[in-house]
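Q: In our numbering, the protein residues as written are 5 to 391. Pasting in a structure now, in C-alpha cells, and then I'll have a few things to ask.
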Ligand code: HEM
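Structure representation (C-alpha cells):
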C-alpha cells in the first residue's frame with residue numbers, strides 16, 4: 005500500500021498484433037494495491053453516491069437465458085475480504101462471526117468499516133443460499149470500495165455464452181456499464197467496434213471462457229492515451245480529500261482531477277455519450293505533452309469456485325507522458341509502437357486527437373536520450389514484458 009503503482013509499459017517495438025495477450029497469474033497477484041488507493045477510494049465513493057445503478061448493478065435471473073449474478077456478488081465480496089486481509093494486513097483488518105466467516109472489513113487508511121452480507125454457504129451446508137438484488141448490489145458497492153479495480157461478473161447462459169450480469173464499473177473512462185450490462189461477451193466487443201474481434205479474438209475468447217478452470221487465473225494488459233484537462237483546471241485529490249470528508253463529494257473536478265472515472269475531455273458529457281463512438285469531445289481539447297497520460301489497464305480473469313461465475317477485474321493506471329519520456333528507452337519504444345498500429349487500431353485508440361503532438365514529443369525525447377549517451381537500448385522487451 006506504500007508502494008508506487010506497478011510501472012506497466014505494455015507496448016512493443018515492431019509490428020502490432022491483435023491477440024488475447026493473456027498470461028498466467030500468480031495467486032498473490034490477483035489484486036494490486038498501491039499508494040494511490042486513497043484517491044481511488046474517494047473517487048469510487050463519489051461515483052457510487054452520485055451515479056447509482058449506472059456504476060453498480062446486478063441483473064436478476066433472465067429465465068431461459070441466464071441466471072442472476074446475485075450469488076456470485078456475495079461470493080466475490082467474501083473472496084476479496086479474505087484475500088485482501090491476508091495479502092495486505094497493513095491496509096485491511098476483518099472481524100469474524102462466531103461461525104468463523106468474515107462479518108466486517110476495515111479499510112485502515114481511510115478508516116472505513118464495511119459490514120458484509122452473510123456468506124453464500126453456511127457452515128456444514130453445501131447449498132447456495134438465495135440472494136436478493138438489493139443485497140447483491142450492496143455487496144458490489146463494498147467490493148468496489150475495497151479495491152482500485154473495476155469489477156465485472158460474467159455468468160454462463162443456457163446457450164453456453166458468458167453474459168455480463170453484474171458489475172461495479174466506477175472508473176472505466178471510455179465506456180459506460182449501462183451500454184454493456186446484460187450483453188454476452190461477443191456483443192460487448194462487437195458493439196464497441198473492438199478491432200479485429202471477429203477475426204482474431206471471438207473464437208479463442210469463447211473457448212477460453214467455457215473451459216476456464218478455477219485454479220488457472222490469468223491476466224492481460226492493454227494501453228492507449230488519454231488527453232486530460234490543462235494543469236490550471238486540475239486540483240490534487242489528496243489535498244481536497246484530506247481537508248474534509250464532505251466538500252470533495254460536491255465537485256467532480258476536485259474529486260477526479262485527471263478524469264480517471266470518465267474522460268469528459270475526450271468523450272464529452274457522460275450522460276449524452278453515444279455508445280460505440282468514443283473520442284467525441286464537446287470542445288476541442290488542449291493537446292500538449294503535459295496533458296497527455298498513458299492509460300493502461302491490467303485485467304484479470306478468475307472463475308469463482310462456488311457460483312462458477314467468472315470475475316473480470318480491470319485496474320486502470322494513468323501515467324504522465326512527461327514522466328515516461330524520462331525513462332531509458334521508453335520514448336523510442338512508445339513511438340515505434342504507435343507507428344506500428346494498423347489503421348483500425350489507430351482509430352480505436354483515438355490517435356487523431358493526440359498523435360501529432362505525442363509523436364513529435366517522443367521523437368525529441370528519444371533523440372535527447374541518444375545524444376546524452378543513454379545505455380544501449382534493447383529493442384526486445386523480452387522477459388520483462390509488460391514493463
Ligand atoms: C480474455 C478475455 C478478454 C479479451 C482477450 C478481451 C479483449 C478486448 C480487446 C482487445 C479490447 C480492445 C481494447 C484492448 O486492447 O484491450 C477490448 C475492449 C473491451 N472489453 Fe474486452 N476482452 C476480454 C474480456 C472482457 C470481459 C470479460 C468484459 C466484460 C465486461 C470485457 C469488456 C470490454 C469492454 C467494455 C471493452 C471496451 C469496448 C468499447 O470500447 O466499447 N472484455 N476487449
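Glycine included, each C-beta is placed from N, C-alpha and C at the ideal position.
1) Is the beta carbon of residue 32 within less than 8 Å of some heavy atom of the ligand HEM?
2) Please tell me whether, using a cut-off of 8 Å, the distance from the CB of residue 321 to the nearest non-hydrogen atom of the ligand HEM is below it.
3) Shortest alpha-carbon distance to residue 83 belongs to which of 267, 174, 315, 299?
4) Among 361, 370, 355, 340, which residue has its Cα nearest to the Cα of residue 14?
5) Is any heavy atom in the ligand MN found nearer than 8 Å to the beta carbon of residue 341?
6) Cβ of residue 220 versus every heavy atom of the ligand HEM: is any distance shorter than 8 Å?
7) In whole angstroms, what is the alpha-carbon distance linking residue 332 and residue 117?
8) Pick helix, strand or coil for residue 108, following the three-state DSSP scheme.
9) Quick one: Cα of residue 114 to Cα of residue 42, how far?
10) Would you kindly report the start and end of the unbroken beta strand (DSSP E) that includes residue 274?
11) Ignoring anything shorter than 4 residues or poking outside the region 280-356, list the alpha helix (DSSP H) runs there in chain order.
12) How far does the alpha helix (DSSP H) with residue 226 in it extend, from its first residue to its last?
13) Short of 8 Å in beta carbon distance, which residues of its chain neighbour residue 278, apart from the five on each side in sequence? Order them along the chain.
14) Measuring alpha carbon to alpha carbon, tell me which residue in 336, 347, 371, 319 is nearest residue 33.
15) With a CB to CB cut of under 6 Å and the five nearest residues on each side skipped, what residues in its chain are close to residue 193?
16) At least one CB of chain B closer than 9 Å to the CB of residue 337: is that the case?
17) With C-beta atoms as the reference, is residue 77 less than 9 Å away from residue 109?
A: Taking the structure as given:
1) no
2) no
3) 315
4) 340
5) No copy of the ligand MN appears in this structure; the ligands present are the ligand HEM.
6) no
7) 43 Å
8) strand
9) 7 Å
10) Looking at the DSSP string, residue 274 is not in any beta strand (DSSP E), and its letter there is neither H nor E.
11) 325-328, 334-343, 347-352
12) No alpha helix (DSSP H) contains residue 226, which is instead part of the beta strand (DSSP E) from 222-231.
13) 284
14) 319
15) 201
16) In the structure shown, chain B cannot be found, because there is only a single protein chain.
17) no
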